[in-house]
Every structure is written in C-alpha cells, then in structure tokens.
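Following: one structure in structure tokens, then a few remarks.
Protein chains in written order, with the numbering used here: chain U, 1 to 107; chain Y, 1001 to 1120.
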C-alpha cells in the first residue's frame, strides 16, 4: 500500500495568515492526489483534485501544488470558516490511502 | 445535488456482523462513471479504505479486510450496503460512504458518517 504522510499534524494560525500543509507519498503517484476539508460532525468535502485542480465552488484562496511524491495545500489568506481538518488522499492505486490529517486551529 | 446518507446499527456485539446501508439521493446508483465506496475512521486514527462496488455488482475489497467484507447494491431502493462479519473492538469507527468519480479519481460527495461501536 502507498503510505501518505502529512505535516504538520496540527497548527495554530490567525485569520489572514498564509498556511501550507504538505503531504508525502512513499512512492510516486504522479498527480493522483486529492485534498479534503472536514469540519467536526460533517462530511469531508473535496477541495482539490489531481494535485492542482480546484473543485467547483471552492474559493481561490485554496491552491494545490506538487507531483510525484511531494504535495502542498496552501491557503493564501486564512478565513474564519477555514478552521478545520485537512487531509490528502492518493488515487494512484488501490487500496486508496489517506494522510493522517492536519488540524488547523485558531491561534 | 447528490447526497449520501448512512444508516444502520450503531452498536454491534463482538463476533457479530456489522451492517450498514448508504442511501443515494439526487442521482441513480445505475448512472455510469462512478464507484460506490466505504471508508472508516477509528477514534483517533487515520481514515481506512474498505472498498467499492459498481452498480453492476463488481467489487473491490481492501486486502486487509477482504475476508470479512461483503458489499451489495440495491438498485430498486438506490442504495448500497456493507457487511463486516466477526467484528471486534478494533472495528469501532465512524463509517462513511462516498462516491468516487472514476474519470477524476476523487471522492465526492461523502455521507456524514455513522459511528459504529463494537461492545458487549
């Protein structure tokens, strides 16, 4: 199985900050990398697919980069509604696997 | 807008069978181009992929759970289901259903998840 490792596991930030979360795969997954946001008690929501493509309706302050084994989710200007848990997921092979999540909290 | 909703028993005894159903609204399970998936998250642990089923009934199960998992489709009720037998406390988790868009290889949407506790 492909292992996905996110860092950091958690971070504290203020509204307006720029935030970056990284995700590393144990082998090359090309651009088969998705990012999700999850708020407590809610279903995960797709933010970015194919490493860099913003899902329809997702604000442009979210962006994704990377290919191969190293990927980054960036929030350019953190908004109050962005405090949540973010996780990556590879869709290069089965079984699909996920990062452990990064909790973004209010500083 | 497609929505998924999990339902089933929230409490299962050890060694018994966990049964969950995912009801689809806003689309037909028979629409091509999708797989229908189960994913779980034990408390404090990472998301774990369980497997998928196509509307045709073809399945893929994660090898780590394959010996205990069965998935099925009910086209008449626009649902798909998960059965996990011989459960232990390690199967306690929030269980999610999700649709994978095959051409894009992402999960969207997900259900809200349902907590299943394995306890006597």
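A virtual CB, placed ideally from N, CA and C, is assigned to each residue, including glycine.
Since this is a predicted model, take the numbers as computed values, not measurements.
Please tell me whether residue i has its Cβ less than 8 Å away from any Cβ of chain U.
i                       : result
residue 1078 of chain Y : no
residue 1091 of chain Y : no
residue 1111 of chain Y : yes
residue 1047 of chain Y : yes
residue 1106 of chain Y : yes
residue 1060 of chain Y : yes
So, does the CB of residue i fall closer than 8 Å to a CB anywhere in chain Y?
i                      : result
residue 43 of chain U  : yes
residue 67 of chain U  : no
residue 100 of chain U : yes
residue 96 of chain U  : yes
residue 87 of chain U  : yes
residue 91 of chain U  : yes
residue 46 of chain U  : yes
To the nearest angstrom, report how far apart residue i and residue j are at their CA atoms.
i                       : j                       : result
residue 63 of chain U   : residue 1015 of chain Y : 45 Å
residue 74 of chain U   : residue 1020 of chain Y : 36 Å
residue 1067 of chain Y : residue 1116 of chain Y : 20 Å
residue 1119 of chain Y : residue 88 of chain U   : 31 Å
residue 1070 of chain Y : residue 17 of chain U   : 46 Å
residue 1086 of chain Y : residue 1017 of chain Y : 6 Å
residue 39 of chain U   : residue 15 of chain U   : 17 Å
residue 1040 of chain Y : residue 1049 of chain Y : 6 Å
residue 33 of chain U   : residue 99 of chain U   : 11 Å
residue 1106 of chain Y : residue 107 of chain U  : 32 Å
residue 1092 of chain Y : residue 1064 of chain Y : 16 Å
residue 36 of chain U   : residue 1076 of chain Y : 31 Å
residue 1004 of chain Y : residue 1037 of chain Y : 11 Å
residue 1051 of chain Y : residue 1045 of chain Y : 18 Å
residue 1055 of chain Y : residue 80 of chain U   : 40 Å
Counting only the same chain and skipping the five closest in sequence on each side, list residues whose C-beta sits under 6 Å from that of residue i.
i                       : result
residue 1110 of chain Y : 1096, 1098
residue 19 of chain U   : 13, 75, 78
residue 31 of chain U   : 50, 51, 67
residue 70 of chain U   : 24
residue 28 of chain U   : 68, 69
residue 950 of chain Y  : For chain Y, the structure presents residues 1001 to 1120; residue 950 of chain Y sits outside this window and is missing.
residue 44 of chain U   : 36, 38
residue 1081 of chain Y : 1021, 1072
Who are the Cβ neighbours of residue i in its own chain at under 7 Å, not counting the five residues just before and after it?
i                       : result
residue 82 of chain U   : 75, 104
residue 1088 of chain Y : 1014, 1118
residue 1012 of chain Y : 1018, 1087, 1116, 1118
Here's a check: name, in chain order, each residue in its chain whose Cβ is nearer than 8 Å to the Cβ of residue i, leaving out the five neighbours to either side.
i                      : result
residue 97 of chain U  : 1, 2, 3, 4, 89, 90
residue 65 of chain U  : 51, 52, 71, 72, 74
residue 101 of chain U : 6, 9, 38, 85, 86, 87
>> Three or more C-beta pairs under 8 Å: does that hold for the region 1004-1013 of chain Y against the region 48-58 of chain U?
In response: Three or more Cβ pairs closer than 8 Å define a contact, and the region 1004-1013 of chain Y falls short of that threshold against the region 48-58 of chain U.
> Which residue spans inside the region 1046-1116 of chain Y form an unbroken beta strand (DSSP E) run of at least 3?
Replying inline: Those beta strand (DSSP E) runs which fall completely within the region 1046-1116 of chain Y and span 3+ residues are 1048-1053, 1059-1061, 1069-1074, 1079-1084, 1093-1101, 1106-1110.
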